[in-house]
Structures are given as structure tokens and as C-alpha cells.
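Just so we're aligned, residue 3 is where the sequence shown starts under the numbering used here, counting upward by one.
The beta carbon of each residue, even a glycine, is placed where N, CA and C say it ideally should be.
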Amino acid sequence: MNTTRTAVPWDYSSVVRDHLRTTDSAIDIGTGGGERLLELRAYARRLLGVDPDADMILQASELARQERAVNVEFEVGTGEGIDERFDLAMNRHAPFEPGVVHRLLCPSGFFVTQQVGENNMTSVRLAFQLVSTRSAPIGPEMFLQNGFSVERFEEYDTSFTVRDIDSLIFWLQALDMAHSDFNGFDAQRDVDAINRLLLTSLSSEGVVTNEHRYLMVAVKK
Ligand SMILES: C[S@@+](CC[C@H](N)C(=O)[O-])C[C@H]1O[C@@H](n2cnc3c(N)ncnc32)[C@H](O)[C@@H]1O
3 MNTTRTAVPW DYSSVVRDHL RTTDSAIDIG TGGGERLLEL RAYARRLLGV
53 DPDADMILQA SELARQERAV NVEFEVGTGE GIDERFDLAM NRHAPFEPGV
103 VHRLLCPSGF FVTQQVGENN MTSVRLAFQL VSTRSAPIGP EMFLQNGFSV
153 ERFEEYDTSF TVRDIDSLIF WLQALDMAHS DFNGFDAQRD VDAINRLLLT
203 SLSSEGVVTN EHRYLMVAVK K
């Protein structure tokens, strides 16, 4: 995909790695297809990815098998009902329950989450006439009230440009509710919305929109 983004203040996987020791166990809540978790396998002793979508878990398990990642496992679920305790829990662009995360962690265990911000892709949402009723997905209070201290809480809202029409269509098709309120995209059905987007947001560089993200690193007290 041909896209550009202005510099951002953190890289999620690096933040997770900075809080992982090679002797640690970690759980990824809402792991999806498992690609990101598998990239961390050299940095931990044991990794478990959970996701309520059984197809995603099947895909992730197959990838782990192909890559012979013996210290990475995947199972269907949201983390609820797991008795094991982990040194670190992570969650990228997926729902979670602070109380469940707290229970899954060892004392002083870390929780790292990156969430899509409520103002993400404003120009696209306007063109597609999606009315955002969202509020900030995370904030320090929800952690402080659930037995955590907050090590880091940051957000960025930066410019994101999709530079050609093929990339624009590919990108719109790949968007999901977590990123945009989108629940499916169809190039023919949504032609008026695409035209509105081109009218309002096309620059000499491509279609300009924004990427809004939050990062939280919380520690179990
Ligand atoms: C946008 S994807 C993110 C996947 C992966 N974390 C990543 O960064 O690529 C969101 C994932 O959250 C999962 N999900 C949906 N509801 C969930 C819940 N209540 N608890 C945990 N995960 C959930 C979905 O099945 C999906 O795989």
C-alpha cells in the first residue's frame, strides 16, 4: 500500500518489547491473526494469544505451526476464565475488560495497550456520513480505578496520506469497526462517498486523513 504518515512518538511493538524479559510469559488479548504476537517470540519465554473469533485463532495457530514457534500458543476467548498469571498483557486495537486484565497479571505485571482514537480518520468518516458517538476509548481513570498505576499515557493525532487510488480502495476495504466505524465497504455502492472524499481531501500528495491513537502502559499494584 502506498501511504505516508508523519512521524509518530512511539512504536507499539517496541514499547511491548521494552517491558518484556526473555524469561517472561505474556498474553495478547484480541490477537487477531497472530502476526504481531509471533514477531515477539524471541523476546519472551511463553506467549499466549486469545481472540473470540475462532477463524482468526485457526489462522494464527497455522502460522505458528508453519513458523515452528514452539513458545507461542493461541486459543479462542477473551482472557476471561484463564487461570494462568502472566508477567505482561498486551492488547492492540481490540476490546478488553480492565478487571479481567488485572486478574490475568502477576503482581507488578505490565499491561500495554494501543487503541484507535475517537477522532481517527475524520475526513473519511465525514465523507461516508458516519456520525461518531465515540468518546476516548481509554483514559488513566479506568486503570486507576481497577488496581493499576499508570506508567505512561499518551496520544497522537497525525496526518495520514493514501497516495493512489488502488491503495485507497485496498485500504478502505481493509478497514474495520475498530479503525473507522466502518462495517463493510463496497466500491460501487459507496461511489458517492468516495467522490465526496476526493472532493474534500485530495491534495497533490494523495487523499489526506488522520491517524489518532492512544497508548497506555499500566502496572498492576
Ligand atoms: C482490529 S483487530 C486487532 C487484531 C490485532 N490485535 C492487531 O493488532 O492486528 C480486533 C480483534 O479484536 C477481537 N475482539 C473482538 N471482541 C473482542 C473482545 N471482547 N475481547 C477480545 N478481543 C476481541 C476481534 O476478533 C479482532 O480479532
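Per-residue DSSP class, three states only, for Asn185
Locating residue 185 in the sequence shown gives position 183, where the first residue counts as 1. Coil.
Any non-hydrogen atom of ligand 1 within 6 Å of Asp55 CB:
Numbered from its first residue, the sequence shown carries residue 55 at position 53. Answer for Asp55: yes, Cβ within range of ligand 1.
Quick check: does the Cβ of Ser180 come within less than 6 Å of any heavy atom belonging to ligand 1?
Position 178 of the sequence shown, counted from the start, is the residue given in the question as residue 180. Correcting the residue type first, residue 180 is Ala in the shown sequence and not Ser. Because some heavy atom of ligand 1 lies under 6 Å away, the Cβ of Ala180 counts as near it: yes.
Measuring CA to CA, which of Thr24, Leu199, Val74 and Asn122 is closest to Ile171?
Residue numbering aside, residue 171 sits at position 169 when the sequence shown is read from its first letter. Leu199 is the residue among Thr24, Leu199, Val74 and Asn122 whose C-alpha sits nearest the C-alpha of Ile171.
Every unbroken alpha helix (DSSP H) within the segment 8-38, with a cutoff of 4 residues, ordered by chain:
The DSSP assignment places complete alpha helix (DSSP H) segments of no fewer than 4 residues inside the segment 8-38 at 14-20, in order along the chain.
Does any heavy atom of ligand 1 sit closer than 6 Å to the C-beta of Thr80?
Sequence index remark: in the sequence shown, residue 80 carries index 78 (1-based). Thr80 Cβ: within cutoff of ligand 1.
Nearest to Ala1 by alpha carbon, out of Asp57, Leu50 and Leu90?
Within the shown structure, residues of the chain are numbered from 3 to 223, placing residue 1 beyond reach of any answer.
Cβ-Cβ separation, Pro142 to Gln117 (assumed contact under 8 Å), whole Å:
Sequence index remark: in the sequence shown, residue 117 carries index 115 (1-based). Sequence index remark: in the sequence shown, residue 142 carries index 140 (1-based). Actually they do not touch by this definition, with Cβ atoms about 13 Å apart.
Do you know offhand how far Gln175's Cα is from Lys223's?
As a position in the sequence shown, residue 175 is number 173, starting the count at 1. As a position in the sequence shown, residue 223 is number 221, starting the count at 1. So the alpha carbons of these two residues sit roughly 41 Å apart.
Which residue or residues does DSSP assign as beta-bridge partners of His214?
Counting from 1 along the sequence shown, the entry for residue 214 is found at position 212. Answer by DSSP bridge pairing, in chain order: Asp159.
Should Gln61 be flagged as near chain B, meaning a C-beta pair shorter than 7 Å?
Within the model displayed, chain B is absent; a lone protein chain is all it includes.
Does Ser151 pass the burial test, meaning 16 or more other C-beta atoms within 10 Å, or should it be called exposed?
Here residue 151 refers to the residue found at position 149 when the sequence shown is read from its first residue. The Cβ neighbour count for Ser151, taken over all protein chains shown within 10 Å, is under 16; the residue is labelled exposed.
In terms of residues, what are the limits of the alpha helix (DSSP H) holding Asp166?
Here the question's residue 166 lines up with position 164 in the sequence shown. Unbroken run through Asp166: none, as it is neither H nor E.
Outcome for Gly101 when other beta-carbon atoms lying within 10 angstroms are tallied against a minimum of 16:
What you label residue 101 is simply residue 99 of the sequence shown in a count that begins at 1. Gly101 comes out exposed.
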